[in-house]
Amino acid sequence: MRLFQTIPGQARVLLAEAGAALAIAVLIGGCGDNYRPVVTPVNTSGPPAQPTSYAIVISAPSPTTAGVVTIIDYSGDSILTEAPIGPGPKVFTLDELGATGYTINSDGTLSNFAITTSLQAKEVSESTLPTGSAPINIMAPSSGLWVTDLTGNAVDLFQGSPQAFKLAVPIGSATNAATMPVFAAGSATLTGQREYILSQNVPDSPAGQIQCNLSPRTAPAGVVTPVEISSNTVDPVIPVGKCPVYAVETSDQQRFFVLNRGDDTITVINSNENSLDACTPFVNQNGQTVHCHPTLPLSTSAVAATGITPPNGTAGMAAIAGPISAVYNQATQQLVVANYDGGSISVIDVSLDEYGNDSPTFGTTYTIPVGNTATPNPADVAVLYDGSKAYTANQNDGAQNGTVTVVNLSTHTVEKTLTVEGHPRTIASTQNSEFAKIYAASPDSPYITVIESTPTVTDLIDTTVLVEGNVVDMRVTSQNGSNGNPNFTSRVPGYGQPCNLPPSLMVSRYGASYSLANCQTLP
Numbered sequence: 005m006r007l008f009q010t011i012p013g014q015a016r017v018l019l020a021e022a023g024a025a026l027a028i029a030v031l032i033g034g035c036g037d038n039y040r041p042v043v044t045p046v047n048t049s050g051p052p053a054q055p056t057s058y059a060i061v062i063s064a065p066s067p068t069t070a071g072v073v074t075i076i077d078y079s080g081d082s083i084l085t086e087a088p089i090g091p092g093p094k095v096f097t098l099d100e101l102g103a104t105g106y107t108i109n110s111d112g113t114l115s116n117f118a119i120t121t122s123l124q125a126k127e128v129s130e131s132t133l134p135t136g137s138a139p140i141n142i143m144a145p146s147s148g149l150w151v152t153d154l155t156g157n158a159v160d161l162f163q164g165s166p167q168a169f170k171l172a173v174p175i176g177s178a179t180n181a182a183t184m185p186v187f188a189a190g191s192a193t194l195t196g197q198r199e200y201i202l203s204q205n206v207p208d209s210p211a212g213q214i215q216c217n218l219s220p221r222t223a224p225a226g227v228v229t230p231v232e233i234s235s236n237t238v239d240p241v242i243p244v245g246k247c248p249v250y251a252v253e254t255s256d257q258q259r260f261f262v263l264n265r266g267d268d269t270i271t272v273i274n275s276n277e278n279s280l281d282a283c284t285p286f287v288n289q290n291g292q293t294v295h296c297h298p299t300l301p302l303s304t305s306a307v308a309a310t311g312i313t314p315p316n317g318t319a320g321m322a323a324i325a326g327p328i329s330a331v332y333n334q335a336t337q338q339l340v341v342a343n344y345d346g347g348s349i350s351v352i353d354v355s356l357d358e359y360g361n362d363s364p365t366f367g368t369t370y371t372i373p374v375g376n377t378a379t380p381n382p383a384d385v386a387v388l389y390d391g392s393k394a395y396t397a398n399q400n401d402g403a404q405n406g407t408v409t410v411v412n413l414s415t416h417t418v419e420k421t422l423t424v425e426g427h428p429r430t431i432a433s434t435q436n437s438e439f440a441k442i443y444a445a446s447p448d449s450p451y452i453t454v455i456e457s458t459p460t461v462t463d464l465i466d467t468t469v470l471v472e473g474n475v476v477d478m479r480v481t482s483q484n485g486s487n488g489n490p491n492f493t494s495r496v497p498g499y500g501q502p503c504n505l506p507p508s509l510m511v512s513r514y515g516a517s518y519s520l521a522n523c524q525t526l527p
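Below is the structure:
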């Protein structure tokens, strides 16, 4: 039985014609003074769309078994996929797009993997490092993969897909003294002119290997070697401070900042001039006097040693600092520095004028103590994309505790300190217009602590995510879901940096185990 009677084809045509005539009549009638229906569009409201961003975690169940890459979703704090990588991963980074990850592994291989939500073991590629090399740090700009190599006192360049070794660029010579290359940083894109290699100039020996861990203030001054991207040739070295351990460049590629743990300073390089940010004071086109700043002091001892005082004085500065990590925030043109030995962060104005000169406020420095104890050892710092807050990973904040401190960057005050899993070495953040997630990872814990910051939830621990094995390192693919990844350089364990594996698992190149004294407490 049919619920509706079938209408013959001719009848359907007649009905269609009648309907069309009726529609025309309605339209004509609407042109008079009769009622006209008005359609008012309804604008949807609600929270902004969540950014497309992932936390990428590298963990190590043991020093010799396969490591694991875990991809965590921003919106749900859930694990999207896991895949095995090379054995005993030691350092990790993402490329500048947040699209590809790389690890250097304990068996001398380099793992390459695309960041996808369906990553599988068969999609992880392994590349061979040069025979006899001693790789300790990797950088992944669009110009290829750069690996600092202690054995050859060089930087090894990798290109292709997957990345394969292309050539080694020596960074030292008889006239260019540069030894112990520990860090590579610089431009993310091919539009940049050069990358920079940090060398500590300490002996490549068991004693030299840990000098910047145990006694950085007795170390010699380091250097930075510029490497031209177009030709893979080196320029004359640029002098920096003692035990350079980390560096960042501004997003416009105009200034390059080197953190010197051994003398509590930051060396400023003018990337356009490829030299120290030094000059004789001059008057710019607006009639303002311009001063340059080759060195920025972070402690009162550094102020005394350099004779340089920040424009706003030294209020709040401690006697020591020990800078080891930093973030440049484009929104505020500030450099935020984690001072491991001084238990603080430094918030530094590094703004430029419209002509690319240091602004009148360049070098203004605010020092904010973090943590709950006198020596919380902030090992890393993250800054929200809008520049409103900073978060520090405090590795040793009291007996058996690690914490995260939340700092308001407008008022330069601490808002709160949260106890987290393990002793965190790495912290990263993703933020859209109102909502932020902050991820803290510890080398002695398999848990990622997720902190949530929203208009109604102010920096509370949202959840923890369990991964396979203790965490080696972690990155986020984007700070706001649309821009690329600004942190495309790994952090080598040791050499003045906090170790990224538990002390019981840390073994040096020479077979000597790292102790608690030189790994977790005084790395």
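The number in our numbering is simply the position in the sequence shown, starting from 1, with 4 added. All C-beta atoms in this analysis are idealised placements derived from N, C-alpha and C, irrespective of residue type, glycine included.
Bridge partners - residue i, DSSP secondary structure assignment
| i | result |
| --- | --- |
| R479 | I60 |
| A397 | D384, V408 |
| L149 | F162 |
| I201 | A188, T229 |
| F117 | G105 |
| N236 | Answer by DSSP bridge pairing: none, since N236 is not bridged. |
| P139 | D153 |
| P364 | Partner(s): none; P364 has no beta bridge. |
| V272 | F261 |
| P88 | V72 |
| T171 | The question names Thr, but residue 171 in the sequence shown is Leu. Paired residue(s): L161. |
| N474 | A64 |
Cβ pair residue i, residue j closer than 9 Å
| i | j | result |
| --- | --- | --- |
| P382 | N398 | yes |
| T299 | G245 | yes |
| S348 | T371 | yes |
| E100 | S115 | no |
| D267 | A306 | yes |
| L553 | A188 | Since the first residue of the chain shown is 5 and the last is 527, residue 553 is not available in this structure. |
| F344 | F260 | In the sequence under discussion, the amino acid at residue 344 is Tyr, which differs from the Phe named in the question. In this structure, F260 does not lie closer than 9 Å to Y344 by Cβ. |
| P93 | S66 | no |
| G80 | C247 | no |
| V418 | I455 | no |
| V354 | T254 | yes |
| Y106 | Q204 | no |
| T434 | A70 | no |
| G102 | I83 | no |
| I142 | V173 | no |
| T460 | V424 | no |
| D390 | A335 | yes |
Residue from the options with nearest C-alpha to residue i
| i | options | result |
| --- | --- | --- |
| M538 | P459, L161, G212 | What is shown of the chain runs 5 to 527, which leaves residue 538 out entirely. |
| Q197 | S122, Y389, V231 | V231 |
| H295 | P315, S219, A118 | P315 |
| L388 | S482, L302, I324 | S482 |
| L263 | A308, I273, S66 | I273 |
| G426 | K420, E456, N474 | N474 |
| T97 | G500, M478, V238, H297 | M478 |
| F117 | V340, V61, N333 | V61 |
| Q378 | E456, D239, A323, T369 | Reading off the sequence, residue 378 comes out as Ala, not Gln. For the residues E456, D239, A323, T369, the minimum Cα distance to A378 belongs to A323. |
| G498 | R429, T468, V469, T467 | R429 |
| V341 | I214, L356, I142, P301 | P301 |
| T369 | E358, T415, V410, G291 | T415 |
| T284 | T293, P243, N276 | T293 |
| I242 | V461, Q257, A181 | A181 |
| A325 | A319, T304, I89 | T304 |
| N288 | D357, D77, T313, V227 | D357 |
| T396 | S446, L280, L149 | S446 |
| N278 | N217, F492, G291, Q257 | Q257 |
Residue-chain proximity (residue i, chain D), Cβ-Cβ < 9 Å
| i | result |
| --- | --- |
| L98 | Structure shown: chain D not included; a single protein chain is present. |
First through last residue of the beta strand (DSSP E) which encompasses residue i
| i | result |
| --- | --- |
| P220 | It is not in any beta strand (DSSP E) - P220 carries neither H nor E in the DSSP assignment. |
| V374 | Segment: none, V374 is in no beta strand (DSSP E) and carries neither H nor E. |
| A445 | 440 to 445 |
| S82 | Careful: S82 lies outside any beta strand (DSSP E) and carries neither H nor E. |
| V496 | Segment: none, V496 is in no beta strand (DSSP E) and carries neither H nor E. |
| Q338 | 338 to 343 |
| I108 | 104 to 109 |
| L98 | 93 to 98 |
| V3 | Residue numbering for the chain in the displayed model covers 5 to 527; residue 3 lies beyond these limits and cannot be assessed. |
| Q435 | 430 to 435 |
| E419 | 417 to 424 |
| N333 | 327 to 333 |
| L356 | Premise fails: L356 is in no beta strand (DSSP E) and is neither H nor E. |
| S255 | Neither: S255 is in no beta strand (DSSP E) and is coded neither H nor E. |
| S449 | Per DSSP, S449 belongs to no beta strand (DSSP E) and is neither H nor E. |
Limits of the alpha helix (DSSP H) - the one that residue i falls within
| i | result |
| --- | --- |
| P298 | Where P298 is concerned, there is no enclosing alpha helix (DSSP H), given that its DSSP letter is neither H nor E. |
| G212 | 210 to 213 |
| V307 | 304 to 310 |
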